[in-house]
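Colleague: I'd like to ask you about the structure that follows.
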Amino acid sequence: MSEAEPNPIVLTTAGAVRGVTQTTAAGVTQTAFLGIPYAEAPVGERRFAAPVPHGSWEGARDAVSYGATPLREFMTGITLIPEPAFPGEETLTVNVFTPRAGERDDPVPVLVWIHGGGFTTGSPSAPWYATGSFPHDGVVVVSLSYRLGVDGFGVIDGAPDNRAVRDWLLALEWVRDNIAAFGGDPARVTIAGQSAGGSAVLTLLSMPAAQPLFARAIAESPGSVNGDHDEVAASTKRLADRLGVPATRAGLSSCDERAVFTAQQKLGDEAGLPFVRRLIRGGASMLWQPVVDGDLIPHPIDTAFSRGIGADKPLLIGANAQEMDALFDDSSRLLDRLPGSLALLVAGFTPAAVRSYRARTPGTTRQLLGRIASDAVFRFAVARALATRRGATFAYDFRLPSALTGRSGHCLELPFVWDCLEGENVVAGVTGPNPPQALADRMHGDWLRFIRHGAAPWPAFEHGRRGMRFDAGSSEDSVFARELALVRP
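Residue numbers (my numbering): 2 to 490.
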């Protein structure tokens with residue numbers, strides 16, 4: 002079958018799907034198969050159940066437009082990444098972008114992308130992931146959806162834990178069973194994600210059940226990783242109390258998704274300082290995230306890594322220099338009158354940790370609090386993974402400042418990795434004018450090398466504790482030394 006056909010048809014295990022050949026704004030030709038369901042719709046009796054593989058259909062199913070998303074229109078707000086929401090019930094889907102529709106000879110590597118959004122928002126249908134940059138270079142891209150918030154991660158009486166994690170696993174099983182029909186190599190699957198998607202990657206890398214489903218992993222700005230089962234259960238109970246129902250499968254099933262999201266949002270707004278304090282003390286549960294259940298996720302990630310789970314799979318991992326440093330920029334300047342050391346004590350540092358952290362973190366109190374947020378949520382998570390993991394690990398530190406903010410904030414690396422500097426909202430909302438194409442060429446090329454060969458073009462971290470510093474002039478350097486000195490694995 003020729004990839005030049007305007008609407009090629011590919012046969013999956015559930016039936017035929019009809020895609021669409023596109024020429025992207027960047028002039029790249031690729032074939033897209035959008036909104037292919039890998040699971041039955043998680044509604045009714047299936048709402049809080051483990052995902053069920055989608056049944057078969059007759060004839061060729063159109064896959065020429067995005068399917069329904071777990072993200073709903075009332076859940077969207079101001080985000081750096083354009084994240085469209087689409088209505089409908091069949092929300093557990095994959096989007097496939099391929100240069101080789103229907104070609105089984107000489108299969109190419111596969112990149113499976115797990116979107117971020119704090120496990121409560123985000124979309125697999127963001128246009129940055131559809132620009133054709135990876136297919137242009139001979140990689141099949143799969144973006145997947147998964148249940149969000151309490152539907153995916155709540156600890157609910159009568160429902161299986163880690164439902165969204167089970168969604169990831171079923172989607173990866175779909176890739177294993179079907180990707181060859183789209184020109185991809187099921188033996189060369191790289192799982193990748195950013196923010197909560199990066200946390201998802203580390204979770205899968207630490208899970209025995211996931212090991213046969215991928216060969217390599219990329220975690221960009223992973224946040225807080227494993228949740229405590231009891232803490233997430235307590236969050237679920239507080240949510241149910243707000244909704245006036247018991248924290249049971251039947252009780253929560255009686256609530257419509259808009260009411261659930263509104264209650265989730267209010268709980269998130271109230272989490273604030275107590276959540277940061279728990280993070281500082283060595284990790285804590287977000288309101289909704291994967292939990293250690295002793296079964297599907299038998300160990301915390303640090304423990305799993307120290308035991309060698311996933312050590313045979315190379316990992317590319319890193320974070321941005323100032324992920325959330327801007328968090329307190331708009332706060333009153335009066336906050337700067339509070340001594341920085343006192344602010345650290347309030348945030349949950351021990352007196353000894355205050356001295357160590359303050360010595361390594363200059364700035365005003367507002368700047369200090371922003372750095373605490375960046376460290377606690379993202380950079381310490383990377384440092385703990387680097388400190389505990391066995392196996393080939395390639396570290397990077399993204400430090401190019403945005404021309405808009407003067408900082409290397411959250412999501413800034415994505416347009417460079419995906420080589421989509423002309424994409425929607427990239428210049429206007431993320432990079433600012435004149436982002437360096439040379440850096441996109443470098444990062445996209447380095448990610449391609451890792452996807453193809455399982456190694457970055459710089460030494461593995463365990464050899465000299467060095468990595469790649471990405472800025473206007475990228476170079477090998479000591480990375481995460483400050484964070485490693487401040488965390489205890």
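Using N, Cα and C, we set each Cβ at its ideal position, and we do this for glycine too.
Remember, it's a predicted structure, so these values are computed and weren't measured experimentally.
May I have the straight-line CA-CA distance separating Gly341 from Phe350, to the nearest angstrom?
Modeller: 12 Å
Colleague: Kindly give me the distance between the Cβ atoms of Thr191 and Ile452, rounded to whole angstroms, as I take these residues to be in contact under 8 Å.
Modeller: 5 Å
Colleague: Between the stretch 252-262 and the stretch 215-228, can you find at least three pairs of beta-carbon atoms closer than 8 Å?
Modeller: Contact fails: fewer than three Cβ-Cβ distances are below 8 Å.
Colleague: What does DSSP give as the partner residue(s) for Phe399 in the beta ladder?
Modeller: Asn321, Phe471
Colleague: Whole angstroms are fine: how far does the CA of Arg189 sit from the CA of Gly446?
Modeller: If you take the alpha carbons of Gly446 and Arg189, they lie about 17 Å apart.
Colleague: Tell me which same chain residues have a C-beta within less than 7 Å of the C-beta of Ala461, skipping the five on either side of it?
Modeller: Ala393, Thr394, Phe395
Colleague: Start and end of the alpha helix (DSSP H) containing Leu415?
Modeller: 415-418
Colleague: On the DSSP bridge assignment, give the partners of Pro187 in chain order.
Modeller: None, per the DSSP bridge assignment.
Colleague: Thinking C-beta only, is Glu91 closer than 9 Å to Ala61?
Modeller: no
Colleague: Is DSSP giving Pro299 helix, strand or coil here?
Modeller: coil
Colleague: Whole-angstrom Cβ separation of Asn163 and Leu268, contact assumed at under 8 Å?
Modeller: That belief does not hold up - the Cβ atoms of Asn163 and Leu268 are roughly 20 Å apart, past 8 Å.
Colleague: For Leu316 versus Arg443, is the C-beta distance shorter than 9 Å?
Modeller: no
Colleague: Just checking: is the beta-carbon of Glu271 within a distance shorter than 9 Å of some beta-carbon in chain C?
Modeller: Checking the listed chains, one finds no chain C in this structure; it contains a single protein chain.
Colleague: By DSSP's criteria, Gly45 is part of a beta bridge. Which residues make up the other side?
Modeller: Beta-bridge pairing links Gly45 to no other residue.
Colleague: State the DSSP-derived secondary structure class of Asn163, mapped to helix, strand or coil.
Modeller: coil
Colleague: Work out the CA separation of Gly153 and His230 for me, nearest whole Å.
Modeller: Computed Cα separation, rounded: 14 Å.
Colleague: Measure the CB-CB distance between Ala384 and Leu485 and report whether it falls below 9 Å.
Modeller: yes
Colleague: Just the C-alpha distance for Ala64 and Gly20, rounded to the nearest angstrom, thanks.
Modeller: 5 Å
Colleague: For the alpha helix (DSSP H) that contains Val484, what are its first and last residues?
Modeller: Reading the sequence as shown, one finds Glu at residue 484 and not Val. Following the DSSP letters along the chain, one finds Glu484 inside the alpha helix (DSSP H) bounded by residues 482-487.
Colleague: Quick one: which unbroken beta strand (DSSP E) runs of 3-plus residues sit fully inside the stretch 66-139? Chain order, please.
Modeller: 94-99, 109-115, all fully within the stretch 66-139.
Colleague: How do the stretch 404-413 and the stretch 425-435 stand: do at least 3 beta-carbon pairs fall below 8 Å, yes or no?
Modeller: yes
Colleague: Taking the C-alpha atoms as reference points, what is the distance between Glu477 and Tyr397?
Modeller: 9 Å
Colleague: Restricting to runs no shorter than 3 residues, where is the beta strand (DSSP E) found entirely within the stretch 302-390?
Modeller: 316-321
Colleague: Please identify the residue among Ser357, Gly309, Ala235, Gln368 whose C-alpha is closest to the C-alpha of Arg338.
Modeller: Gln368
Colleague: Would you call the CB atoms of Gly185 and Pro110 closer than 9 Å?
Modeller: Yes, these two residues count as a Cβ contact at 9 Å.
Colleague: Glu59 by DSSP, collapsed to three states: which one?
Modeller: coil
Colleague: Do Thr32 and Phe98 have their C-beta atoms within less than 9 Å of each other?
Modeller: At a Cβ-Cβ threshold of 9 Å, Thr32 and Phe98 count as neighbours.
Colleague: So what does DSSP say about Val202, is it helix, strand or coil?
Modeller: helix
Colleague: By alpha-carbon positions, which one of Thr249, Arg167, Ala181 ends up nearest to Ala211?
Modeller: Arg167
Colleague: Roughly how many whole angstroms lie between the Cα atoms of Ser403 and Gly474?
Modeller: 15 Å
Colleague: Using the three-state DSSP reduction, which class does Ile157 fall into: helix, strand or coil?
Modeller: coil
Colleague: Would Gln438 be called buried (16 or more neighbouring beta carbons within 10 Å of its own) or exposed?
Modeller: exposed
Colleague: Could you name the residues of the same chain whose beta carbon sits closer than 8 Å to that of Gln265, not counting the 5 residues immediately before and after it, in chain order?
Modeller: If we look at Gln265 and ignore the five residues flanking it on each side, its Cβ neighbours are Thr121, Gly150, Val151, Leu240, Leu288, Trp289.
Colleague: Just verifying my parser: in three-state terms, what is the DSSP assignment at Val246?
Modeller: Coil.
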